[in-house]
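Asks: Numbering-wise (numbering that gives the first Met the number 0), the sequence shown opens with residue 0 and increments by one.
Below you'll find the structure I mean.
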Amino acid sequence: MRDLIALLAHWLRVLLGHTPPSGRHSAAHLSTRTPSRSTPRRPLDVRSLPPHVAERFRPLDAEQVALVRPYLIAHEKERERRLQRERRTAAVLAELGIDYDVAAVAV
Numbered sequence: 000m001r002d003l004i005a006l007l008a009h010w011l012r013v014l015l016g017h018t019p020p021s022g023r024h025s026a027a028h029l030s031t032r033t034p035s036r037s038t039p040r041r042p043l044d045v046r047s048l049p050p051h052v053a054e055r056f057r058p059l060d061a062e063q064v065a066l067v068r069p070y071l072i073a074h075e076k077e078r079e080r081r082l083q084r085e086r087r088t089a090a091v092l093a094e095l096g097i098d099y100d101v102a103a104v105a106v
């Protein structure tokens with residue numbers, strides 16, 4: 000059945016004068032030839048690049064690379080600030096003689 004459909008499609012193309020695209024942007028030329036490299040790529044010489052570009056190709060220093068995402072560090076700092084604020088509030092209220100319980104306030 001597929002052969003019959005393909006045959007009819009080909010017959011209609013010939014009858015109507017449609018030819019397969021043969022331009023630069025058609026996919027027809029991609030299947031006929033394979034890209035080949037006659038010369039191997041030479042390694043990139045970092046010394047010949049400008050300093051701001053050569054920086055990208057240098058190995059990373061493990062001491063300077065952050066292993067934790069910045070948003071996790073920000074979350075931990077915010078948590079520490081919140082706990083410190085709770086302790087200060089409890090200290091001020093204790094001076095005034097008011098019992099301050101975080102669990103009771105949250106309810």
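The C-beta atom is built at its ideal place from N, Cα and C for all residues, glycine as well.
In chain order, what are the residue ranges of uninterrupted alpha helix (DSSP H) at least 4 long that sit wholly in the segment 31–93?
Replies: Listed in chain order, they are 50–53.
Asks: Express the C-alpha separation of threonine 38 and alanine 5 in angstroms, rounding to a whole number.
Replies: Cα-Cα distance, rounded: 42 Å.
Asks: Alpha carbon to alpha carbon, how far is alanine 53 from alanine 8? Give it in angstroms, no decimals.
Replies: Rounded to the nearest angstrom, the two C-alpha atoms are 56 Å apart.
Asks: Quick check on DSSP: helix, strand or coil for isoleucine 97?
Replies: The answer is coil: DSSP assigns isoleucine 97 none of H, G, I, E or B.
Asks: How big is the Cα-Cα spacing for glycine 96 and alanine 90?
Replies: Roughly 10 Å between the two C-alpha positions.
Asks: What whole-angstrom Cβ distance do threonine 88 and tyrosine 70 have, given they're in contact under 8 Å?
Replies: Contact doesn't hold; Cβ gap of about 27 Å is too wide.
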